[in-house]
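Accompanying notes for the structure given below.
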Amino acid sequence: MQFTYVYDCGTARSLDLLQKEIDTYLESIRCPWTYTPHTASEFYLYGNTPYFDLSRNHYLRTIHKSLYKRNYSFSGTPFTTEWDDAPEQTTQPSHIDIVFISHFDTDHINGLAYLIQNTIVKILAIPFTTPRERFLHLCKSTFANNASMNRARSGEYYDFILEFTASPAGAIRRFPEFLNREASNITLIEIQHERDNEGHGRHDFTHPVYTPANSSGDNKNKKHEAIPVWLFSASTLQGNADELGAELIDSLIKQGIIDSESDLENATTLQYIFDRKDISSKIADTYRSIAHKNLNATSLILHSGPAHPENSPAFHHMFWRGDQTHKFHSILEVHSPWATGWLGCGDANLKKATNVNLFDQLFWKQKLFSSTFAPPHHGSQHDWNQHLLDAFGYPSESAPVCVFSADGLYKHPSPNVIADANSRGSTTYIVTTDPKSRLTETLAILVPTDKIRFY
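Under the working numbering, the residues of the sequence shown are numbered 117 to 571, in order.
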């Protein structure tokens, strides 16, 4: 079984580079590759740790007996590795089970159209936002730093970006028209922020991934329940975009640029006011006076990890660096069997202590079992608090690997954020537009099956 997801799809750099990266990603998920353990001694270190008792844990005894007797297959960007030089592509078409969009800045969404055009996307999950919030993000992408939106405006996907900003549901309904491809069913989920969840650690959205359990013996012909093996948990952290957007819209109405807020739900209107230089210059001045350095985005925070992490130890957990034209070498091996999850913050503003406390209320358990952390806003100092790194690790505290997707265009990541993470013991990686910086994480996880009820 293969389940594939994407968290954000955009760039502030060249769209050509982004499209090549998407092509690489879609090609890679069709390329299984094999890792063969060199010796059984690679796994003995787990049995020597006080919290990893092989003698008392049935799952661990089972995996320990078989670990060095088999190969392990992964799907991902290492087309060539130290052990397998020529993995073959599968014949099945690639598909993405779910795409998460953290927020509506153009550098997070301008690759979505190309992704939809070139593969099958089953579910698209976005944070619930008002039209004025999305309009504010369009202004930010256009006026705060001209690079990302100006590149998009000259491309073939500009109409889709405007439609997606005006009405995400409308853009998904009309994507065959925009992208010149056959219609397919994309389920759009708008994740609304539920304030009642804040104090209870519940999330605004959860999506379990199930796999059928193989029956054996006398139960071979009986039906059985599917097992939840993976779980996506997401919560929307609200910023001030709705309030600032309301102020911006009021000013634009008074200037006669738009008649009402409902104009923002019409992509044709958006194109008209942004293409007219006299009008767009007025919008730019108004945006900068109201929101330029004050905007905190409403952003979707996502965790991806085993459904039962306390019973799902990981093996062969490694980070790899490089692209498909080079031999891959493991640059880091994670020796904690319980550090299995990934936690990403989008552009959420987590600088204030109150927001850090809310983040911890929502994701305290996920932090215990996460190996990889994508700090907010590409490592921007504006959205960072070093206490975000508190309370990672199980059974004792340990710092996660921090990954920053940025290449300095907006001075991200901040050297101060890198220093904070390193001082807390985190290994830090910066992934840029250079393919040699690509970071791939692989791990094999033992999933418990003893709770299956046959009937």
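The beta-carbon is built from N, C-alpha and C at its ideal position, and this holds for glycine as well. Bear in mind that the values here come from a model prediction, so they are computed numbers and not experimental data.
In chain order, Thr120, Tyr121, Val122, Leu231, Thr235, Ile236, Val237, Lys238 place their CB closer than 8 Å to the CB of isoleucine 212, counting only its own chain and leaving out the 5 sequence neighbours on each side. Nearest to serine 349 by alpha-carbon distance, out of Ala342, Ser420, Ser367, Glu249, is Ser420. The C-beta of isoleucine 447 has fewer than 16 other C-beta atoms within 10 Å across all chains shown, which makes the residue exposed. The beta-carbon distance between threonine 402 and leucine 364, rounded to whole angstroms, is 6 Å. This is short enough to meet the 8 Å contact definition. The beta carbon of histidine 253 sits closer than 6 Å to those of Phe220, Asp221, all from its chain and outside the five residues before and after it, given in chain order. In the three-state scheme derived from DSSP, where H, G and I count as helix and E and B as strand, tyrosine 403 is classed as helix.
Assigned with DSSP and collapsed to three states, histidine 433 falls in strand.
Put simply, the backbone Cα of asparagine 412 is about 27 Å away from that of serine 487. Boundaries of the alpha helix (DSSP H) harbouring proline 292: 291 to 295, taken from the DSSP string. A direct Cα-Cα distance of roughly 7 Å separates alanine 423 from proline 324. In the structure shown, leucine 411 falls within a coil segment according to DSSP collapsed to helix, strand and coil. In the structure shown, the three-state DSSP call for phenylalanine 508 is coil.
Here the alpha carbons of serine 496 and proline 531 stand approximately 9 Å from one another. For tryptophan 480, the enclosing alpha helix (DSSP H) starts and ends at 469 to 484.
Within a 10 Å sphere around the beta-carbon of asparagine 501 sit 16 or more other beta-carbons, which makes this residue buried. Among the bridge pairs identified by DSSP, histidine 419 is matched with Ser349, Leu459. Assigned with DSSP and collapsed to three states, alanine 229 falls in helix.
Nearest in C-alpha terms to histidine 432, of all of Leu562, Ile373, Phe489, Trp480, is Leu562.
In this structure isoleucine 214 touches alanine 241 by the C-beta definition: roughly 6 Å separates them, less than 8 Å. Close CB contacts of serine 415 within its chain, under the 6 Å cut and outside five residues either way in sequence, are with Ser218, His219, Leu353, Gly462, Asp463, Ala464 (chain order). Taking C-beta atoms under 8 Å as the contact rule, glycine 509 and alanine 455 qualify, at a distance of about 7 Å. By alpha-carbon distance to tyrosine 274, the top candidate from Ser512, Tyr388, Ser452 is Tyr388. As computed with DSSP, serine 553 is found in no beta bridge at all. Looking at the DSSP output, tyrosine 326 sits in a beta bridge with Pro344. Distance between alanine 128 and glutamate 137, taken at the CA atoms: about 14 Å. DSSP places aspartate 275 within a helical segment (H, G or I) once states are collapsed to three. Distance from isoleucine 288 to serine 210 at the Cβ level is roughly 19 Å; contact not present, criterion being Cβ atoms closer than 8 Å. Taking the Cα positions, phenylalanine 489 is about 44 Å away from glutamine 371. A residue is called buried when at least 16 other Cβ atoms come within 10 angstroms of its Cβ; asparagine 301 does not meet this threshold and is exposed. Under the criterion of beta carbons closer than 8 Å, valine 547 and phenylalanine 435 do not qualify as touching, at roughly 11 Å. Classified as buried, histidine 319 has 16 or more neighbouring CB atoms from the shown chains inside 10 Å of its CB.
Of the candidates Ser553, Val519, Arg554, the residue whose Cα lies closest to the Cα of alanine 537 is Val519. Its chain contains Ala128 as the residues whose beta carbon lies nearer than 6 Å to that of leucine 525, once the 5 sequence neighbours on both sides are disregarded; these appear in chain order. Rounded to the nearest angstrom, the gap between the Cα atoms of leucine 295 and glutamine 233 is 6 Å. Rounded to the nearest whole angstrom, the C-alpha separation of serine 130 and leucine 228 is 14 Å.
One thing to note: glycine 457 has its Cβ no nearer than 8 Å to the Cβ of proline 491.
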